[in-house]
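Asks:
Residue numbers (the working numbering): 1422 to 1573.
1) So for residue 1550, helix, strand or coil by DSSP?
2) Using 10 angstroms around the beta-carbon of residue 1553, count the other beta-carbons present and answer buried if the total reaches 16, otherwise exposed.
3) Could you say if the segment 1542 to 1561 and the segment 1481 to 1488 meet the contact criterion of at least three C-beta pairs nearer than 8 Å?
4) Quick check on the burial criterion: 16 or more other C-beta atoms within 10 angstroms. Buried or exposed for residue 1542?
5) Between which residues of its own chain and residue 1514 is the CB-CB distance below 8 Å, once the five residues before and five after are set aside?
6) Please report the straight-line C-alpha distance between residue 1538 and residue 1446, rounded to a whole angstrom.
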């Protein structure tokens, strides 16, 4: 009987730990978005100091495109998951695909407009498009730090 109490207690602890982990990892997208919002102005200022206003402008515009792409991708994946699991969306499969392709067309059009208007900002634009990568690296470092801190 004592063994059964210990097993129930350890099961409760395991489920509480799993719930805590689920909450931590489910907020990763929010943290990545926050990292993007912090890193964009920081890197833009660094680009302005190091390379001038044209590179900083290109970086800022590339960061805006990357942020919008990240947000639209997140919402597109949510709609696709809802469509696959039949849990709430009434959009047809064609509408989901059309929105997905329209997103890339709009981003390509914006990049083309930036490149034709500010050709000197090409390097900054390409660097800004990698903003989500930098934010994901920051999230990975944060998760490693959190895991190591929890083990100590």
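Here a beta-carbon is modelled for each residue, glycine too, at the ideal position from N, C-alpha and C.
Replies: Reading it off the structure:
1) Start at 1 with the first residue of the chain shown, and residue 1550 comes out as number 129. Here residue 1550 sits in coil by DSSP.
2) As a position in the chain shown, residue 1553 is number 132, starting the count at 1. In this structure residue 1553 is buried. Its beta-carbon is surrounded by 16 or more other beta-carbon atoms within 10 angstroms.
3) The segment 1542 to 1561 is in contact with the segment 1481 to 1488.
4) Your numbering for residue 1542 matches position 121 in the chain shown. Around the beta carbon of residue 1542, a 10 Å sphere encloses 16 or more other beta carbons of the protein chains shown; the residue is thus reported as buried.
5) The residue you call residue 1514 lines up with position 93 of the chain shown. Here the set comprises 1504.
6) Taking the first residue of the chain shown as position 1, residue 1538 is located at position 117. Taking the first residue of the chain shown as position 1, residue 1446 is located at position 25. Those two C-alpha atoms are separated by around 41 Å.
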